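**Student:** The structure's right below; bear with me while I get my questions together.
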Amino acid sequence: MIDMKDASPRSPVPFSKRRGDWVLVAFFAVNLFFITYFVDIEQLTVSNAFHFHYPLWPPPAIVDMVHAYGRRFDPLLMARPAFWRMTIWIDVLWNGPFYVAALYAFIRGRDWIRVPALIWSGSMSAVVLIILAEEHSGVHRAPDFLVVFLLNLPWLALPLATMARMAHDNPFTRLVSVPGAGTQSVEASAV
């Protein structure tokens, strides 16, 4: 049996009317254009934060900023154990391309991003929770866990917000009226 709701024509809800999505788009943009390929990639291009030569990328100012933060607040970032480096590879190889797709899909209102966004939300939440557990009570615990927790809070809160946003089958579109098909309810999944 065909579900007429799924077969009905749909149109994107304009980005200007989805103000809640603006926050997610800003988060994805900051991650793509600053966190993933400037801050995080430093931890792959500099394997030993205590003995290194500046890499070709990222710029020395970013390397110095990351190391200053690490020395002051985050011994785990400076230690760079194997699991930590793997979380950075996940960010560079999976999350970076996801941010490109998500920026396009969220701005243009493309429902196909729903499943990748749910996968990203789950993987990001898991990675951040594992890192915070180590930061709280692991070998490389943070001297001021509250600071590290608050700085990482957006990477818990925004994936949860994304999960909530993607809870509907068609998060960015609504049913459109078809002349002669009778009255259809308009499904506005806008946040």
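Using the numbering used here, the letters of the sequence shown map in sequence onto residues 9 to 199. Backbone N, C-alpha and C fix where the C-beta goes; we use that ideal spot for every residue, glycine too. Just so we're clear, the structure is a prediction, and the values are computed from it rather than from any experiment.
#1: Are the segment 65 to 73 and the segment 32 to 39 touching, with three or more C-beta to C-beta distances below 8 Å?
#2: Who are residue 18's beta bridge partners in DSSP?
#3: Confirm, please, whether the CB-CB distance from residue 174 to residue 111 is below 7 Å.
#4: Could you check whether residue 54 and residue 60 sit closer than 7 Å to each other, using their CB atoms as the reference points?
#5: Can you check the segment 40 to 100 for any alpha helix (DSSP H) of at least 4 residues that lies completely inside it and give the ranges in chain order?
#6: Below 8 Å on the Cβ atoms is my guess for residue 119 versus residue 44; work out the distance and round it to an integer in Å.
#7: For residue 57, which residues in the same chain have their Cβ closer than 7 Å to its Cβ, ignoring the five residues on either side in sequence?
#8: In angstroms, rounded to a whole number, what distance separates the CA positions of residue 82 and residue 108?
#9: Thinking residue 95 and residue 135 are a contact (beta carbons under 8 Å), I'd like their distance in whole angstroms, please.
#10: Let me check understanding here. Comparing Cα to Cα, which of 24, 49, 168 lies closest to residue 102?
#11: Cα separation between residue 167 and residue 161?
#12: In whole angstroms, give me the CA-to-CA distance for residue 1 and residue 147.
**Tutor:** So, from the listed chains and residues:
#1: no
#2: On the sequence shown, position 10 is the one that residue 18 refers to. Its beta-bridge partners are 183.
#3: The residue labelled residue 111 in the question sits at position 103 within the sequence shown. The residue labelled residue 174 in the question sits at position 166 within the sequence shown. In this structure, residue 174 does not lie closer than 7 Å to residue 111 by Cβ.
#4: Stepping through the sequence shown from its first residue, residue 60 is reached at position 52. Stepping through the sequence shown from its first residue, residue 54 is reached at position 46. Pairing residue 60 with residue 54 gives a Cβ-Cβ distance under 7 Å.
#5: The qualifying runs are 50 to 53, 68 to 81, 83 to 87, 90 to 98.
#6: Numbered from 1 along the sequence shown, position 111 holds the residue referred to as residue 119. Numbered from 1 along the sequence shown, position 36 holds the residue referred to as residue 44. Cβ-Cβ separation between residue 119 and residue 44: approximately 25 Å, too far for a contact (criterion under 8 Å).
#7: Sequence index remark: in the sequence shown, residue 57 carries index 49 (1-based). Here the set comprises 75, 78, 86, 88.
#8: If you number the sequence shown from 1, residue 82 lands on position 74. If you number the sequence shown from 1, residue 108 lands on position 100. Whole-angstrom Cα-Cα distance: 28 Å.
#9: Here residue 95 refers to the residue found at position 87 of the sequence shown. Here residue 135 refers to the residue found at position 127 of the sequence shown. Confirmed, about 5 Å.
#10: Stepping through the sequence shown from its first residue, residue 102 is reached at position 94. Of the candidates 24, 49, 168, the one whose C-alpha sits nearest the C-alpha of residue 102 is 49.
#11: Here residue 167 refers to the residue found at position 159 of the sequence shown. Here residue 161 refers to the residue found at position 153 of the sequence shown. Using only the alpha carbons, I get a separation of about 10 Å.
#12: No answer is possible for residue 1: it lies beyond the span of the chain, which begins at 9 and ends at 199.
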